[in-house]
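Participant:
Residue numbers (this note's numbering): 30 to 136.
1) If we count Cβ pairs, one from each stretch, closer than 8 Å, do we get three or more for the region 76-83 versus the region 92-108?
2) For residue 61, which of helix, strand or coil comes out of DSSP?
3) Locate the alpha helix (DSSP H) running through residue 96, then write down its first and last residues.
4) First and last residue of the alpha helix (DSSP H) that includes residue 131?
5) Is it right to say residue 88 is buried, meaning 16 or more other beta carbons lie within 10 angstroms of its own, or is it exposed?
6) Can at least three beta-carbon pairs, one atom from the region 66-73 and one from the region 41-48, be found at a separation below 8 Å?
Structure follows, in structure tokens:
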């Protein structure tokens, strides 16, 4: 994109970002992240954190290779390092994204 078109797209994008209410965005992301973590625990994963949670959650999984393959099959972009799965929830995510991530953890 170049010229006026690129500038118009940038202006529109900045308008969307400026209209967002930070506490609403934070509450949305935390709610989804908490739902992910609770569902992951129900499926045998172990949370890895100290203190309050954020929009980023890390859980220990028993079969990281299988989980990575299942995440890819469900179209979920997440990180696996060793036996740890890292999920980052953002404003554009919704419950269906969390359900897809949790589906990858089903035994």
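From the three backbone atoms N, C-alpha and C, an ideal C-beta is built for every residue, glycine too.
Facilitator: Reading from the atomic positions:
1) As far as the Cβ criterion goes, the region 76-83 does not touch the region 92-108, which means the pair count is below three.
2) As a first step, residue 61 is located in the chain shown; it is residue number 32 there, counting from the start. Reduced to three states, the DSSP call for residue 61 is helix.
3) The count along the chain shown starts at 1 and reaches residue 96 at position 67. Annotation: the continuous alpha helix (DSSP H) that includes residue 96 extends over 93-102.
4) Taking the chain shown and counting its residues from 1, the one referred to as residue 131 is at position 102. Taken as a continuous stretch (DSSP letters only), the alpha helix (DSSP H) holding residue 131 covers 124-132.
5) The residue you call residue 88 lines up with position 59 of the chain shown. That one is buried.
6) The region 66-73 is not in contact with the region 41-48.
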